[in-house]
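Chains A and B supply the protein sequences, listed in that same order. The first sequence maps to residues 1 to 252 in the numbering used here. The second sequence maps to residues 253 to 580 in the numbering used here. Glycine is no exception: its CB is placed at the ideal position from the N, C-alpha and C atoms. A short worksheet on the structure shown next.
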Amino acid sequence: MIDEIALKELIYKMADDLLILGHRNSEWTGLGPLLEEDIAFSSMAQDKVGQSYALYQLLHDLGENDPDTVAFMRNAEQFHNCQFVELPIGEYDFSLVRHFLYDTADALRFEMLSNSAYEPLALLAKKIKGELRYHTMHADIWIKQLGAATEDSIGRLQESLIQAFPYALGIFEPSEYEDQIKADKIFEGEEILQERWMDKISAVIGSTALALPDLGTITPVYGGRKGDHTAHLQPLLDEMSEVFKIDPTADW
Amino acid sequence: MYGGGNTFEHIKSNGLEEEDPKKLAEFEARIDRGEKIEPQDWMPQLYRKQLIRMIEQHAHSEIIGALPEGTWITRAPGFKRKLALMAKVQDEVGHAQLLYSAAETLGKSREQMIDDLISGKSKYSNIFNYPAFTWADSCFISWLVDAGAIVNQLANARGSYGPYCRALERICAEESFHLKYGHHCVIHMATGTAKQRQMMQEAIDRWWPPMMHFFGPSDKISVHTEILMRWKVKMGSNDDMRNQFLDMYVPKIWELGFTIPDPNLKKNEATGRWEYTEPDWEEFKRVINGDGPCNKERLAVRRTAEERGRWVRKALLAPKSQYVIPLA
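Listed below in structure tokens is the structure:
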């Protein structure tokens, strides 16, 4: 018997991450550093928002509200995304570093979930991991290229890496249901995910002129999974729901 | 979207007397036979210059046009609209990429074209100098501005320059989906709540004058472009394009129960042409020359994007010898 509360908590945090990061990445549309990157970020943003929709649909099947209501009508403290994804896009170096750190974790997460005991999630994870393959390929190429190009590009990426890292560790904020979802074989847990993530990102960063911050000296930024957010999330949600809330019962 | 209403300079001297008459005759004979001109083929200087100008304007219109619509991606109501609008605007940026590549085959680099855009030297479709205040404005753009662009682009796809025609064929295929998306949005506004209908009507009222301007000045006052028509650079007169658009879309707008803010708008059944109040061409000129509601903002946003992205482009060009390892 699967613990539904634990399962929902897991799906909510993944869905919220993807919606918020997809929304953020879409802010690059029309403003990218070159047309090809503009298009790439926009395309990945669509995938993320689409993936979040599919996850909200799973929640709907589990008795939660419909995806539009869930996405457009909640306030910041009801969101379970990590704080990392809600931070503003900043300069391209920050957005690229976030894309690399987050998507590497996400690709591993959905790989693990493709063996989940919760069949609908396993099926969806198989589909999503196929899409994420291209996201991580994109991130790796750019990190390798800009992380070993000019003094300026290396300096920018390094600074963003230092800034992003404590927030990136917040992706793996342990859930209070961690033991339950492991016991139910829904997900192997955040700790294993973080270990695998460290291996992956270390390998890519190792091939550049960049250096990863020392894990031992960093305090992860937790709280997002429990509804504790930065001041950036509520304005994002207000903007997202600006039209929807003119009349939430209207069909737009 | 978004090309259309290209502005052509008055051709003071066409320089044709300096061209090799034999080559010129062969060139014109090929165009008459409906053959496409390819990048490596001989072409008169004037043809090259006007084509660069036209394709460049079209490319600029795509990236500038992505700005007023792009601001609605983060505000689109509901998943269905959010996902569709993201995909649509992404298409438009993709069109810019295709078009810059087509123009590059004529000898002007993308960087030069973008420099000319942000310095204000090159033009883009005038309609994007107007603001998109509400969601309904973005619906108007997706449906009707794209519809206007398709009228132009379908005509231009039959033009004489191979790379441009091929880019346009692909663009038109994608545009047809934009049109469906935009129409779908407007239908929902039309059949929705009183508030939705009101928002849409207000958007139509706001956007109608720039929409009439979209196809360029009236044939009565526009510069003579016979030679460009003969060379299949320009494929139809501004008034013909405008008439085609009105014929296709005015009935559809009326069918949805909206009004159009022009009491003189009607089809003359005897001539088959639409009659309308003459658009304010002074305003058109003023806006295209930089004094519209959003000209400064659009170029400033584009300029900022170029400046913020410069380090990335520079890093991509960096030769291996510049690698610096390690950081302290």
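Residue i, enclosing beta strand (DSSP E) - first and last residue
i	result
Arg525/B	525-527
Cβ-Cβ separation, residue j to residue i (assumed contact under 8 Å), whole Å
i	j	result
Leu59/A	Val70/A	7 Å
His430/B	Asp398/B	5 Å
Asn490/B	Phe510/B	At roughly 25 Å, the Cβ-Cβ gap does not stay under 8 Å, so Asn490/B and Phe510/B are not in contact.
Ile128/A	Phe110/A	5 Å
Gly434/B	Val485/B	Contact doesn't hold; Cβ gap of about 29 Å is too wide.
Arg538/B	Glu239/A	Not confirmed; about 33 Å, so no contact.
Arg419/B	Leu350/B	Before going on, a small fix: residue 419/B reads as Ala here, not Arg. Contact holds; Cβ gap of about 4 Å.
C-beta contact flag for residue i and residue j at 7 Å
i	j	result
Tyr376/B	Ile289/B	no
Leu508/B	Ala442/B	yes
Leu335/B	Ile325/B	no
Thr386/B	Met451/B	yes
Phe244/A	Phe72/A	yes
Ile218/A	Pro174/A	no
Met464/B	Val403/B	no
Glu9/A	Tyr177/A	yes
Asp389/B	Ala455/B	yes
Thr208/A	Ala570/B	no
Ile366/B	Glu321/B	no
Ala122/A	Tyr56/A	no
Asp68/A	Phe497/B	no
Trp459/B	Ile512/B	no
Ile370/B	Arg555/B	yes
Three-way DSSP call (helix, strand, coil) for residue i in this model
i	result
Ile246/A	helix
Thr518/B	In the sequence under discussion, the amino acid at residue 518/B is Lys, which differs from the Thr named in the question. In this structure, Lys518/B counts as strand in the three-state DSSP scheme.
Tyr376/B	coil
Tyr222/A	coil
Asp251/A	coil
Ile473/B	coil
Gln574/B	Confidence in Gln574/B is poor, its pLDDT being 47 and thus under 50, which makes the residue's placement unreliable; the coordinate value appears in the next sentence. Here Gln574/B sits in helix by DSSP.
Leu579/B	The predicted model places Leu579/B with a pLDDT of 42, which falls under 50 and marks its position as unreliable, so this point remains unresolved.
Ile224/B	In the structure as shown, chain B begins at 253 and stops at 580. Residue 224/B is therefore absent and cannot be evaluated.
Tyr352/B	helix
Tyr433/B	helix
Tyr413/B	strand
Phe165/A	helix
Phe385/B	coil
Gly346/B	helix
Thr443/B	coil
Asp214/A	coil
Asp238/A	helix
Asn266/B	coil
Glu421/B	helix
Val438/B	helix
Cys391/B	helix
Pro320/B	helix
Residue range of the alpha helix (DSSP H) that includes residue i
i	result
Met73/A	67-73
Trp294/B	Careful: Trp294/B lies outside any alpha helix (DSSP H) and carries neither H nor E.
Tyr12/A	4-26
Asn547/B	547-569
Glu188/A	No alpha helix (DSSP H) holds Glu188/A; DSSP gives it neither H nor E.
His135/A	119-146
Trp460/B	446-465
Asn490/B	490-507
Phe536/B	533-538
His60/A	35-61
Gly330/B	From DSSP, Gly330/B is part of no alpha helix (DSSP H); its letter is neither H nor E.
Lys274/B	273-284
Phe100/A	92-113
Glu363/B	362-370
Ile181/A	178-183
Ile479/B	478-482
Any non-hydrogen atom of the ligand COA within 6 Å of residue i CB
i	result
Arg196/A	The ligand COA is not part of this structure, which contains no ligands at all.
Handout entry: Inter-stretch contact (C-beta, 8 Å, three-pair minimum) for the segment 548-564 of chain B and the segment 313-326 of chain B
Key = Segment contact: the segment 548-564 of chain B against the segment 313-326 of chain B, three or more CB-CB distances shorter than 8 Å; contact assigned.
Handout entry: Segment contact, 8 Å Cβ cut-off, at least three pairs: the segment 129-138 of chain A with the segment 146-159 of chain A
Key = No contact exists between the segment 129-138 of chain A and the segment 146-159 of chain A.
Exercise for the section: Specify whether the segment 409-425 of chain B and the segment 212-232 of chain A touch according to this definition: at least 3 beta carbon pairs, one from each stretch, less than 8 Å apart. Expected result: Judged by Cβ distances under 8 Å, the segment 409-425 of chain B makes no contact with the segment 212-232 of chain A, as fewer than three pairs qualify.
Exercise for the section: Report yes or no: do three or more beta-carbon pairs, one from the segment 141-152 of chain A and one from the segment 113-123 of chain A, lie closer than 8 Å? Expected result: No, the segment 141-152 of chain A does not touch the segment 113-123 of chain A.
Practice task
Decide if the segment 194-213 of chain A is in contact with the segment 44-51 of chain A; the criterion is three or more beta carbon pairs, one per stretch, under 8 Å apart.
Solution key: Counting Cβ pairs under 8 Å, fewer than three are found: no touch.
Practice task
Would you be able to state if there are at least three C-beta pairs under 8 Å between the segment 10-19 of chain A and the segment 79-89 of chain A?
Solution key: Enough Cβ pairs lie closer than 8 Å, so yes.
Handout entry: Contact between the segment 180-195 of chain A and the segment 84-100 of chain A (3+ Cβ pairs under 8 Å)
Key = Between the segment 180-195 of chain A and the segment 84-100 of chain A there are fewer than three C-beta pairs closer than 8 Å, too few to call the two in contact.
Exercise for the section: Count the C-beta pairs between the segment 292-301 of chain B and the segment 271-279 of chain B that are closer than 8 Å, then say yes if the count reaches three, no if not. Expected result: Contact between the segment 292-301 of chain B and the segment 271-279 of chain B is present, because at least three Cβ pairs lie under 8 Å.
Practice task
Output, in sequence order along the chain, the residues in the segment 446-465 of chain B whose CB is closer than 9 Å to any CB in chain D.
Solution key: Included in the structure are the protein chains A and B, with no chain D among them.
Exercise for the section: Assess, as a yes-or-no matter, whether the segment 35-42 of chain A is touched by the segment 337-351 of chain B under the definition of 3 or more beta carbon pairs within less than 8 Å. Expected result: The segment 337-351 of chain B and the segment 35-42 of chain A touch, with no fewer than 3 CB-CB distances between them shorter than 8 Å.
Problem - At least 3 beta-carbon pairs within less than 8 Å: the segment 301-310 of chain B vs the segment 350-362 of chain B - result: The segment 301-310 of chain B vs the segment 350-362 of chain B: in contact.
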